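In the working numbering, the protein residues as written are 7 to 276. Glycine included, C-beta positions come from ideal geometry on N, C-alpha and C. Just so we're clear, the structure is a prediction, and the values are computed from it rather than from any experiment.
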Ligand SMILES: [Zn+2]
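Here it is, written out as structure tokens:
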């Protein structure tokens, strides 16, 4: 069995220097990047890939100062509500319909919505990522906020490398951006048009990281050049299967694919 539907979500935006996404880009070159989430309808129900920001840390002035002291990086949320349930509602899907969650990695713009799922559904991640987040003193400096996921009620399903996490959805280990980063390969059911997608998430933020094999700008325990190897690996997987490789934070690719998939799979719960 493969995925029946894919819905892309935009859970906020991030105003940041392009150098965060492309190693060596000029520091004064700034981008507004979408914060991604992906819903995949599988045989076992809706699987959510990544969860966006922890809204409390962005909106509460004290927490904002504590967690986002760097004026160069500005998290942006639309409105006053919770972006994840609101984005899901716009797609006609209730947050209670999520049967499982997977996180590409534990950065604050990907793991901040885990609070909505603790004690409710399984959460897939790489063991190395959770170990880094919980036990490495450098984690917070690297953008991994323990408060987002250090919760005894989270039902972790931890992997050591590549693993199928749902029918038609495979996690692929792509460390470098963070020690336990993973990307996802999604097969689409033949009855829904077939083919599939490789969601890089932060292994490749932008189309230029993929097309020009440019090193990413944010990484742990590897050199900038070493961040190109996971990109090449994802390109190989995509090429072998004839799937599209989707960068995680591209300001043009993400909204265009969001609209394309809404047209292909339909809006609403049907
Ligand atoms: Zn990241």
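Buried or exposed by the 16-neighbour rule on C-beta atoms within 10 Å, applied to residue i
i           : result
residue 40  : buried
residue 129 : buried
residue 54  : buried
residue 172 : buried
residue 132 : buried
residue 135 : buried
residue 11  : buried
residue 35  : exposed
residue 75  : exposed
residue 21  : exposed
residue 52  : buried
residue 209 : buried
residue 140 : exposed
residue 211 : buried
residue 181 : buried
residue 177 : buried
residue 245 : exposed
residue 32  : exposed
residue 158 : exposed
residue 125 : exposed
residue 15  : buried
residue 56  : buried
residue 77  : exposed
residue 299 : This structure cannot speak to residue 299, because the chain is shown only from 7 to 276.
residue 98  : exposed
residue 87  : exposed
residue 294 : Any question about residue 294 goes unanswered here, given that the chain covers just 7 to 276.
residue 145 : buried
residue 24  : buried
Integer-rounded CB distance, given that residue j should sit under 8 Å from residue i
i           : j           : result
residue 18  : residue 84  : 7 Å
residue 115 : residue 58  : 7 Å
residue 261 : residue 37  : Not confirmed; about 14 Å, so no contact.
residue 42  : residue 255 : 7 Å
residue 106 : residue 127 : 5 Å
residue 215 : residue 237 : 6 Å
residue 49  : residue 7   : 4 Å
residue 234 : residue 221 : 6 Å
residue 160 : residue 122 : Actually they do not touch by this definition, with Cβ atoms about 11 Å apart.
residue 263 : residue 206 : Actually they are not in contact, since the Cβ atoms of residue 263 and residue 206 sit about 12 Å apart, beyond 8 Å.
residue 239 : residue 202 : Between residue 202 and residue 239 the Cβ distance is about 16 Å, and since that is not below 8 Å, they are no contact.
TODO: Considering only heavy atoms of ligand 1, list every residue whose Cβ is less than 5 Å from one of them, following chain order.
DONE: 113 and 208
Open item on the list: Across the region 148 to 156 and the region 87 to 97, are there enough close Cβ pairs to call them in contact, namely three or more that are closer than 8 Å?
Closed with: no
Open item on the list: Using a Cβ distance threshold of 8 Å, determine whether the region 264 to 274 contacts the region 227 to 240, with at least three qualifying pairs required.
Closed with: no
- [ ] Specify whether the region 183 to 190 and the region 101 to 111 touch according to this definition: at least 3 beta carbon pairs, one from each stretch, less than 8 Å apart.
- [x] yes
Open item on the list: Would you call the region 196 to 204 in contact with the region 152 to 166, where contact means no fewer than 3 C-beta pairs closer than 8 Å?
Closed with: no
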